[in-house]
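Quick notes on the structure that follows.
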Amino acid sequence: MMTKKIGIGLLLVLATIAGIALLKKLRGKTTARYTIGILQTASHPALDACRQGFTKTLTEKLNGDVHFIVQNAQGSIPQAHAIAEQFYANKQLNGFFTIATPATQALASLEKERPIFIAAVTDPHSLGLISPTTNVCGTSDMINVPELIDLLTTLTPSTKKVGILYTAGETNSLVAAQKIHNELTHRHITALDFTINNESDVQATVESACKKVDALVTPTDNTVASTISLIASITCNHKIPLIVSFEAAAQAGALAAQGVDYTVSGNQTAEIAYQVLVEGKKPYDLSIEHVKGEQLFINKETLNALNLSLPESLQNRALLIS
Amino acid sequence: MIELLLHSHTIIERGLLFGFVVASVYLASRLIKFDNLSVEGAFGLGGACTALLISLHINPWLALIGASVVAGLSGVMTGLLHTKLKLNNLMSGIVVTTGLFSIILKIAGSNMTLQGKPTIFTTMPTFLAPYQSLILLTLLAIIFFGTLSLFLKTEHGFLLHAVGDSPQMLTNIGKSIHAYKILGLTLSNAFAGLAGALFVHYTGYFSIWTSVGILIIGLAGMIIAESFSKYFGPALIIGAIAYQAVIALSLELQLDQDWNKLVTALLIVALIVIKQYTSEK
Numbered sequence: 001m002m003t004k005k006i007g008i009g010l011l012l013v014l015a016t017i018a019g020i021a022l023l024k025k026l027r028g029k030t031t032a033r034y035t036i037g038i039l040q041t042a043s044h045p046a047l048d049a050c051r052q053g054f055t056k057t058l059t060e061k062l063n064g065d066v067h068f069i070v071q072n073a074q075g076s077i078p079q080a081h082a083i084a085e086q087f088y089a090n091k092q093l094n095g096f097f098t099i100a101t102p103a104t105q106a107l108a109s110l111e112k113e114r115p116i117f118i119a120a121v122t123d124p125h126s127l128g129l130i131s132p133t134t135n136v137c138g139t140s141d142m143i144n145v146p147e148l149i150d151l152l153t154t155l156t157p158s159t160k161k162v163g164i165l166y167t168a169g170e171t172n173s174l175v176a177a178q179k180i181h182n183e184l185t186h187r188h189i190t191a192l193d194f195t196i197n198n199e200s201d202v203q204a205t206v207e208s209a210c211k212k213v214d215a216l217v218t219p220t221d222n223t224v225a226s227t228i229s230l231i232a233s234i235t236c237n238h239k240i241p242l243i244v245s246f247e248a249a250a251q252a253g254a255l256a257a258q259g260v261d262y263t264v265s266g267n268q269t270a271e272i273a274y275q276v277l278v279e280g281k282k283p284y285d286l287s288i289e290h291v292k293g294e295q296l297f298i299n300k301e302t303l304n305a306l307n308l309s310l311p312e313s314l315q316n317r318a319l320l321i322s
Numbered sequence: 323m324i325e326l327l328l329h330s331h332t333i334i335e336r337g338l339l340f341g342f343v344v345a346s347v348y349l350a351s352r353l354i355k356f357d358n359l360s361v362e363g364a365f366g367l368g369g370a371c372t373a374l375l376i377s378l379h380i381n382p383w384l385a386l387i388g389a390s391v392v393a394g395l396s397g398v399m400t401g402l403l404h405t406k407l408k409l410n411n412l413m414s415g416i417v418v419t420t421g422l423f424s425i426i427l428k429i430a431g432s433n434m435t436l437q438g439k440p441t442i443f444t445t446m447p448t449f450l451a452p453y454q455s456l457i458l459l460t461l462l463a464i465i466f467f468g469t470l471s472l473f474l475k476t477e478h479g480f481l482l483h484a485v486g487d488s489p490q491m492l493t494n495i496g497k498s499i500h501a502y503k504i505l506g507l508t509l510s511n512a513f514a515g516l517a518g519a520l521f522v523h524y525t526g527y528f529s530i531w532t533s534v535g536i537l538i539i540g541l542a543g544m545i546i547a548e549s550f551s552k553y554f555g556p557a558l559i560i561g562a563i564a565y566q567a568v569i570a571l572s573l574e575l576q577l578d579q580d581w582n583k584l585v586t587a588l589l590i591v592a593l594i595v596i597k598q599y600t601s602e603k
């Protein structure tokens, strides 16, 4: 008897929730011309910045004639799928914006027609997202390797041997590290890989690396990021220039840092979305862009400690910090 | 709201799929009374194995079953750590899940796309569209839940129950508690691995992060199921579907997304309280 009552009670609760949802839906009916579903993988400063950059730029470009439905999977892939299926069934949506790899994969596995704009995805090609009939376009947060090496050779022209420091278990680092390796070899600079497994062997690895190379480079890597102060102080002691691909590193004492600004990646994806939604371009023709205008940070004290001077070509775009 | 009805079959699909995780949690924490945290690792292991096998052009059905078997072996590991090395329940599960992370990375990397290779879902005839997945998952649920229900009615099944309810009885009749604990954990992890593998077939890619938070899906589904039945069977699937429906509703409401996890937590507390209240009567 009791279970029956509770059963009815639960049904009533579900009905109430459904009723509220319906009311909200009716009240929230938008008159905007474009409606975009945003699926964000998790809450994270970089990803939040990316979303804000996108909504701000697209709202400006469309003179406010756009409505966003924002959903966040909070790091759960099953949740990302639940949201993706909801978006897929919602015929009001003209396009989608997915932030980071899991959200992108979840939605791209369902939606094959309407455009999906992506950002903060490192390597969309290896995910099998790009084909001539693709509906996916946007920006990749892969570091710009040739530019990173240009920076290295401009700052320290005499470099002959460069060490690449990264974590063995991080796929993103692995892909970027290989690119750096190939680019260095291509320019006839000797490249040596130094892999770390966890934070506790960072010190030993960096100490030994400093004895073998003229300069040290790292891709975007979580373990490197969390131990950057230690790495910077060891390289400073050995007078080895350290070049890192995320901006916070220069404050910690690395010689130079150049990396993706996530707000810019959102802005840039919004520009691409505008070209597809308004100008009617095909996603495949736009494909995946690198994030433009990576900000360059140079640490002044480290520069002086290494007896280096800032080349003229970098003076305009470098932001000096100490 | 209309959209919710339009994609209600996908809610049931996800419910059927996660029903296997609910079964996995039930087998461990209710049947043999062992809170098995290696469910998370086994889910990932099943996904990784099936992704690897499919990429090697193995028959998708073999890839599914093979993944489940390998995941079952991780249950043996959990059981051995607990029975032979005397690690407590929670610790042996945590250790296995932690260790499996590296093994999964070596098997399939952190992310692997099937790139359109055949899965069990693509082998279904297309005239059933868009309900192929729903039909296939329902059939699989009937087969696996049916087989296990029958097994639980055999002598071995009866003794598995006894591990949780009256372990003394097992010793009295000269049976090994340890062996039956290991059997229970093997079944539990095999179900979790099956769910992980099915998820890869269903979505077309493997990601090492899928298994994060899978335990709460299993637990929530089981607690909803227990509000109307405490036996192994279809109730577990209904619980999983109900939980997916709650998630879909909370998404439909377009609440501030930061509150999602709190909604889940409150739902579980509410159901436990209701259950305690009803069992007192």
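Just so you know, the protein sequences line up as chains Y and P, in that order.
Take the first sequence: its letters are residues 1 to 322, numbered as in this note's numbering.
Take the second sequence: its letters are residues 323 to 603, numbered as in this note's numbering.
Using N, Cα and C, we set each Cβ at its ideal position, and we do this for glycine too.
Option nearest P:Q613 by Cα separation, candidates P:A562, P:S549, P:L458, P:A564: With chain P running from 323 to 603 in the structure shown, residue 613 of chain P is simply not present.
Same chain, Cβ closer than 6 Å to P:K439, five either side skipped, listed in chain order: Excluding positions up to five away in sequence, the list reads I376.
Cβ separation of Y:I243 and Y:V264, assumed to be a contact under 8 Å, to the nearest whole Å: That pair is no contact at about 20 Å.
P:D487 classed as buried or exposed, judged by whether at least 16 other C-beta atoms fall within 10 angstroms: exposed
Three-pair Cβ contact test at 8 Å for the segment 348-355 of chain P versus the segment 503-522 of chain P: yes
Burial state of P:A451, where buried means 16 or more other Cβ atoms lie within 10 Å: exposed
First through last residue of the alpha helix (DSSP H) which encompasses P:M446: From DSSP, P:M446 is part of no alpha helix (DSSP H); its letter is neither H nor E.
Given P:G515 as reference, the closest of P:G561, P:L339, P:A364, P:G543 once Cα atoms are compared: P:A364
Residue range of the unbroken beta strand (DSSP E) whose run includes Y:G95: 95-99
Contacts of P:W531 in chain A (Cβ-Cβ under 8 Å): The structure shown has no chain A; the protein chains it does contain are Y and P.
Contacts that Y:L127 makes with chain P (C-beta to C-beta distance below 8 Å): N433, T435, Y527
Contact under 8 Å by Cβ, P:G341 with P:I559: yes
P:S529 beta carbon less than 8 Å from that of Y:I77: yes
Short CB-CB distance (under 8 Å) between Y:Q258 and chain P: Chain P, which has no Cβ nearer than 8 Å to the Cβ of Y:Q258, makes this no.
Pairwise C-alpha distance: Y:E183 and Y:A176: 11 Å
Simplified DSSP assignment, three categories, for Y:T139: Three-state DSSP puts Y:T139 in a strand.
Delimiting residues of the alpha helix (DSSP H) encompassing Y:N237: 228-237
Cβ pair Y:P124, Y:I116 closer than 8 Å: No, the Cβ-Cβ distance between Y:P124 and Y:I116 is not below 8 Å.
Below-8 Å beta-carbon distance, Y:Q178 vs any chain P residue: Under the 8 Å criterion on CB atoms, Y:Q178 is classed as non-interfacial with respect to chain P.
Same chain only: Cβ atoms within 6 Å of Y:Y274, ignoring 5 sequence neighbours per side: The residues are K61.
Interfacial residues, the segment 193-226 of chain Y to chain P, with Cβ spacing under 7 Å: none
Sub-8 Å separation of Y:F97 and Y:T269 beta-carbons: yes
Opening and closing residue of the beta strand (DSSP E) in which P:T313 lies: Outside the shown range of chain P, which is 323 to 603, sits residue 313 of chain P, and nothing can be said about it.
Within 8 Å, strictly: CB atoms of P:V343 and P:L367: no
Nearest neighbour of P:I387, chosen from P:Q566, P:K552, P:A519, P:I545 [CA to CA]: P:A519
According to DSSP, residues forming a beta bridge with P:V418: P:V418 has no beta-bridge partner at all, per DSSP.
Unbroken stretches of the beta strand (DSSP E), 3 residues or longer, contained in the segment 20-78 of chain Y: 34-40, 66-72
Three-state secondary structure assigned by DSSP to Y:D201: helix
Boundaries of the alpha helix (DSSP H) in which Y:A252 is found, first to last residue: From DSSP, Y:A252 is part of no alpha helix (DSSP H); its letter is neither H nor E.
Whole-angstrom distance between Y:T122 and Y:C329, CA atom to CA atom: What the structure shows of chain Y is the stretch from 1 to 322, and residue 329 of chain Y is not part of that stretch, so it cannot be assessed.
Interface partners of Y:H81 on chain P, CB under 8 Å: R336, T525
8 Å Cβ cut-off: residues of chain P touching Y:S323: With chain Y covering only 1 through 322, there is no way to say anything about residue 323 of chain Y.
Inter-residue spacing [alpha-carbon to alpha-carbon] between P:A547 and P:S455: 23 Å
Contact residues within the segment 372-399 of chain P, judged by C-beta distance below 9 Å to chain Y: none
Spatial distance of Y:V145 from Y:I189 (CA atoms): 14 Å
Cα-Cα separation between P:L395 and P:T405, rounded to whole angstroms: 15 Å
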